[in-house]
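The structure appears below as structure tokens.
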Amino acid sequence: MSPLAGYLLVAALLFAIGLAGALTRRNAILVLIGIELMLNAANLNLIAFWRYGPHPEALTGMMFAIFSIAVAAAEAAVGLGLVIQVHRMAHTTDLDAMNRMKG
Amino acid sequence: MNWVFYLISGLAVAGALAAVLLKNTVHCALALTVAFAGLALLFLKLDAQFAGFAQILVYIGAVAILVVFAILLTRGSETPKDGVYSKFPLTGLAIAAAVFAVLGWAVLHSESALPHEYRATPAVTVMDIGNALMSRYVLPLEIVALLLTAALIGAVIVAMHEKEEAK
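Sequence order for the protein chains is A and B.
The first sequence begins at 3 in the working numbering and counts up by one.
The second sequence begins at -8 in the working numbering and counts up by one.
Set out below in structure tokens:
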């Protein structure tokens, strides 16, 4: 197994763990944690392809990963703000209990 | 493929598993920090120093703290009576397992598009990254700056406590 395949397998495993967490947990914050894990797994793919690709000095994969980290940070801030507001309206973060569109 | 790689990928995977499996939400956030640290170590192992330290600063320093704040503000640390998993956990597990099977199969059974993986450490310094950010990637950088400003204001407005006029 080549080094690149090893990193890709680890990234696939992390992505699957994040997906399982996002799909099976009830707490909205835990779903966001799963999404963060999936984004991180994608970043690991980008960095691994940058490292083992033919032109690392072009910095394409590295730039993609850096911008992805910035966008993920923005997503986490807005998502957690939404969770706090939903908790204020519905008094729960249980996704199965949130079945109304109006607070 | 040496023992360092197996050690830090084991750390990252164990942290991720604990983050989605533990019952107490605060413990989940702490395990998530371990997973982020493992990923940062993997970035450093891949000679991506800047991305590794950005990962530590942004994810361990900011996102994990935000998650802990959100958990404490929503009193999410109390384990609910009717379990932590949704009504159909097996469906989600099956979907995740299928995704991992497809991805793993594709990784293991495909011809490498890179006929010879370049093993030499890329001679890329933080200065090169800064130069690229200021020259070729300056427009995406400005867009990300705008996005971060909008997200900052948006998060504050969304989470701002509204007065009783809503009722």
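Quick reminder that beta carbons are idealized off the backbone N, C-alpha and C, glycines included.
Cut-off 8 Å between Cβ atoms - residues of its own chain near ALA42(B), not counting five sequence neighbours on either side: PHE34
Under 8 Å between C-beta atoms of ALA53(B) and ALA26(B): no
Neighbour flag for ALA92(A) against chain B, beta carbons, 8 Å: False, the Cβ-Cβ gap to chain B never drops below 8 Å.
With DSSP collapsed to three states, give me the class of ASP96(A). Strand, per DSSP.
Proximal chain B residues relative to ARG27(A), where beta-carbon distance stays under 8 Å: VAL11, VAL75, TYR76, SER77
Would you tell me roughly how many angstroms separate the C-alpha atoms of THR16(B) and ILE51(B), rounded to the nearest one? 17 Å
Quick one, are the C-beta atoms of GLY81(A) and LEU34(A) less than 8 Å apart? Against a cut-off of 8 Å, the Cβ pair of LEU34(A) and GLY81(A) comes out as a contact.
LEU39(A): which of ILE19(A), SER4(A), ALA50(A), ILE49(A) sits nearest, CA to CA? In this structure, ILE19(A) is the residue among ILE19(A), SER4(A), ALA50(A), ILE49(A) with its C-alpha nearest to the C-alpha of LEU39(A).
Is the Cβ of ILE31(A) closer than 8 Å to any Cβ of chain B? Nearest CB-CB separation between ILE31(A) and chain B: below the 8 Å threshold.
On the CB-based measure, 16 or more other CB atoms within 10 Å of its CB, does LEU(-2)(B) come out buried or exposed? Exposed.
Report buried or exposed for MET65(A), applying the criterion of at least 16 other Cβ atoms within 10 angstroms of its Cβ. Only buried fits MET65(A), as 16 or more other CB atoms lie within 10 angstroms of its CB.
What does the alpha-carbon distance come out to for the pair LEU11(A) and HIS152(B)? Whole-angstrom Cα-Cα distance: 44 Å.
Inter-residue spacing [alpha-carbon to alpha-carbon] between ARG53(A) and ALA13(A): 15 Å
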